[in-house]
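Taken in order, these protein sequences are the chains called A and B. Just so we're on the same page, this note's numbering is the position in the first sequence counted from 1, plus 20. Just so we're on the same page, this note's numbering is the position in the second sequence counted from 1, plus 1042.
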Amino acid sequence: MSSLLLTVSQLNSYIKSLLDGDRHLQSVYVCGEISNFVNHYRSGHFYLSLKDDGAVVQAVMFRSAASRIKFTPQNGMKVLVRGRVSLFERSGQYQIYIDDMQPDGVGSLQLAFEQRKEALAREGLFDAARKRPVPRYPARIGVVTSPTGAVLQDIRNVLTRRYPLAQLILCPVLVQGSEAAGQITAAIRRFNERQAADVLIVGRGGGSMEDLWAFNEEIVVRAVAASRIPVISAVGHETDFTLCDFAADLRAPTPSAAAELAAPDRGELHLSLLEKQTAMRRALQGRVEENRRRLLTIRQSRSMASPLYGVELRRMKLDYRAGQLKSAFVHTVRRQAQTFGTLAGKLDALSPLKVLARGYAIASGEQGLVTKASQAQEGDSLRLKFMDGSVSCRVISREIVVPDGEPHRF
Amino acid sequence: MAKMTFEAAMKRLDEIVALLEQGEAPLEKSLKLFEEGTKLAQFCDETLKNAQLRIEELSEEPGEPDTEGTEA
């Protein structure tokens, strides 16, 4: 076919058939770094390039395959893909049609875990400020776990030994498999709705990351964070961490440890009760001692030493008051004497005797004092009083001075 | 005091110990507190001694939890 004339379509179609016919290219594993990643929101297909230091290749992952991976691919992420190589005839570009993608280096679950952890942490679900304190003496301890596992037995044993006062309320759930997350979420919500416990233990025994996966599911993590009842998370062994642990108010390394965190120890409580009783007794003894000392002080004081001391004290007070009263009295008398003197002076100045001394006389008739000429008639007898005595006389005539000045005679 | 919860008793007991240790209450009041505290401590100790773990299952339906549980 050295000299055939081909259309572009025929050429691309031919090349495609060559690629599709190559057995090796039907299933290849390629590792590289993701770039130009596009998650086509409408179709759900992923479009990306894979590259290494020297080359780049286009790739596509259709929705059916893309929806199966748990992590979200990102630019710069190193991945291992499995797929077939073929040609996209319209652009003449060959590309990898990806069936599966794994993060290179870490497992995909691990990556999904990290990504979800970061997203939920950004939302503040793991904030220390959200953590509620676990009650010291819980009356009802709720447990969300498998009814058949060792977890329940461990918790039960620990509580029987440490704090049998509590009531253990179990909400049995599946702890792995596709239904687990939904059941665990529902159980946490039910405890909250009914306020059926003072503290919750949510957990399961150890297992692989896949086994523990329900405790990483977003609905479970959110239910734990939203729980008004404090939650103690006890998933797997000490080395296993789940997102549930981060959202919980306390994380216990094992189910037994969770029970220990949930309840105080009977033996320790007994000791603490003894201590309290001792403290009370000591405090009361101190109180009695203090009162005895005070009594002693009072007894030895002066008033207790001499019974008359109080009387003396009161007599002194009485004397003092009497003195005050006396001086107040003297003061009042003096002030009134002064007032009297002033009034007497005024009275003296107004005395008619003083007027007579200056040469005036007081006339009086049968009707009393005669202070006006008009009061006296010719022939009346008047009595004139002087300073040194009086005379009797008769009116011979009178002259009245009217206001306009002209005297006239009657 | 018969109906008192363990938690409430412990809380009151702590209060009493604190009050007595402050030593501000008059002697007569202190004596009353001491008496109350001693009773509470005895009640708590008795409760601890006699307690038996009860296990119940949270029922599906809203309402009281089932009481089918057994004692440990």
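We treat Cβ as the ideally placed atom computed from N, Cα and C, and that holds for glycine.
Taking 9 Å as the CB-CB cut-off, is A:ALA216 touching chain B? Judged by the 9 Å Cβ criterion, A:ALA216 is in contact with chain B.
Under the assumption that A:VAL50 contacts A:LEU70 (Cβ atoms under 8 Å), give the Cβ distance between them as a whole number of angstroms. 6 Å between Cβ atoms; contact.
Are there 16 or more other CB atoms within 10 angstroms of the CB of A:ILE175, so buried, or fewer, so exposed? Buried, because 16 or more other Cβ atoms sit within 10 Å of the Cβ of A:ILE175.
Nearest by alpha-carbon distance to A:GLY197: which of A:GLU237, A:ALA216, A:ALA148 is it? Out of A:GLU237, A:ALA216, A:ALA148, A:GLU237 has the C-alpha closest to the C-alpha of A:GLY197.
For A:TYR432, which beta-bridge partners are listed by DSSP? One cannot answer for residue 432 of chain A here, as it falls past the ends of chain A, which runs 21 to 430.
Contact list for B:PHE1052 against chain A, beta-carbon separation under 7 Å: What sits at residue 1052 of chain B in the sequence shown is Met, not Phe. Correct list: TYR157.
Output yes if chain B places a C-beta closer than 9 Å to the C-beta of A:GLN203; else output no. Chain B contact via Cβ: absent.
Please state whether DSSP places A:LYS71 in a helix, a strand or coil. Under the three-state reduction of DSSP, A:LYS71 is assigned to strand.
Quick check on A:MET336: buried or exposed, where buried means 16 or more other Cβ atoms within 10 Å of its Cβ? Counting Cβ neighbours within 10 Å, A:MET336 comes out exposed, since fewer than 16 surround it.
Roughly how many angstroms separate the alpha carbons of B:PHE1048 and A:LEU270, rounded to a whole number? Whole-angstrom Cα-Cα distance: 23 Å.
Shortest alpha-carbon distance to B:ARG1096 belongs to which of A:VAL353, A:SER87, A:THR180? Measuring C-alpha to C-alpha distances from B:ARG1096 to each of A:VAL353, A:SER87, A:THR180 identifies A:THR180 as the nearest.
Cα-Cα separation, B:MET1043 to B:LYS1081: Residue confidence for B:MET1043 is low, a pLDDT of 47 falling below 50, so the modelled location carries little weight; the figure read from the coordinates is stated next. Cα to Cα, the separation comes out at about 9 Å.
Provide the residue span of the beta strand (DSSP E) that contains A:LYS392, from first to last. Premise fails: A:LYS392 is in no beta strand (DSSP E) and is neither H nor E.
Checking contacts by CB at 9 Å: is A:ALA348 closer than that to chain B? Judged by the 9 Å Cβ criterion, A:ALA348 is not in contact with chain B.
For A:LEU392, which of A:ARG319, A:ALA377, A:MET407, A:ARG418 has the nearest alpha-carbon? Strictly speaking, residue 392 of chain A in this sequence is Lys, with Leu absent from that position. Selected option, being the one with the closest Cα: A:ARG418.
Assigned exposure category for A:GLN297 - 16 Cβ within 10 Å defines buried: A:GLN297 is buried by the Cβ-count criterion.
Can you list, in chain order, the residues of its chain with a C-beta nearer than 8 Å to that of A:GLY202? Leave out the 5 residues immediately preceding and following it. Closer than 8 Å at the Cβ level, and outside the excluded window around A:GLY202, lie ILE239.
Along the alpha helix (DSSP H) that carries A:LYS81, what are the first and last residues, could you check? It should be noted that the sequence gives Met, not Lys, for residue 81 of chain A. A:MET81 -> not in any alpha helix (DSSP H); beta strand (DSSP E) instead, spanning 76 to 81.
A:GLN115 versus A:VAL76 - alpha carbon distance: One Cα belongs to A:GLN115, the other to A:VAL76, and the distance between them is close to 10 Å.
Could you check if A:THR27 is buried or exposed, using at least 16 other CB atoms within 10 Å of its CB as the buried criterion? Exposed, because fewer than 16 other Cβ atoms sit within 10 Å of the Cβ of A:THR27.
Which residues in the same chain as A:GLY169 place their Cβ atom closer than 8 Å to its Cβ, once the five residues preceding and following it in sequence are excluded? Residues VAL195, ARG224, GLY225 of the same chain have their beta carbon placed closer than 8 Å to that of A:GLY169, with the five preceding and five following residues left out of the count.
Just the C-alpha distance for A:GLU309 and B:GLY1065, rounded to the nearest angstrom, thanks. When rounded, the distance between both Cα atoms is 11 Å.
Can you give the beta carbon distance from B:ALA1062 to B:PHE1076, rounded, assuming they're within the 8 Å contact cut? Residue identity differs from the one stated: residue 1062 of chain B is Leu in this sequence, not Ala. Yes, B:LEU1062 and B:PHE1076 are in contact; Cβ-Cβ is about 7 Å, under 8 Å.
Neighbourhood of A:ASP231 by C-beta distance below 7 Å, restricted to the same chain and skipping five residues each side: Non-local beta-carbon contacts of A:ASP231 in its own chain, meaning distances under 7 Å to residues more than five positions away in sequence, involve GLN196 in chain order.
I'd like the span of the beta strand (DSSP E) that includes A:GLN215, first residue to last. Taken as a continuous stretch (DSSP letters only), A:GLN215 belongs to no beta strand (DSSP E), as it is neither H nor E.
Do you know how far the Cα of A:ILE221 is from the Cα of A:CYS264? Cα-Cα distance, rounded: 11 Å.
Per-residue DSSP class, three states only, for A:ASP119: When DSSP states are grouped into helix, strand and coil, A:ASP119 belongs to the strand group.
Inter-residue spacing [alpha-carbon to alpha-carbon] between B:ASP1056 and A:LEU281: Taking the straight line from one Cα to the other gives about 21 Å.
Neighbourhood of A:ALA444 by C-beta distance below 8 Å, restricted to the same chain and skipping five residues each side: Because chain A is modelled from 21 through 430, residue 444 of chain A falls outside the range shown and cannot be assessed.
State the beta-bridge partners of A:GLN30 as determined by DSSP. Answer is none; A:GLN30 lacks a bridge partner.
From the DSSP output, in three-state form, read off A:LEU220 for me. Strand.
Go ahead and label A:ASN311 buried or exposed: buried means 16 or more other beta carbons lie within 10 angstroms of its beta carbon, across all protein chains shown. Exposed, since its Cβ has fewer than 16 Cβ neighbours within 10 Å.
If you count every other CB in all the chains shown that lies within 10 Å of the CB of A:TYR183, and 16 or more means buried, which is it? With 16 or more other Cβ atoms within 10 Å, it is buried.
A:GLU53 vs A:ASP72 beta-carbon contact at 9 Å: Contact check for A:GLU53 against A:ASP72 passes: the beta carbons are separated by less than 9 Å.
Could you list which residues in chain B have their beta carbon closer than 7 Å to that of A:ARG210, in chain order? Within chain B, the residues near A:ARG210 are LEU1100.
Any idea what DSSP makes of B:LEU1055, helix, strand or coil? In the displayed model, B:LEU1055 falls within a helix according to three-state DSSP.
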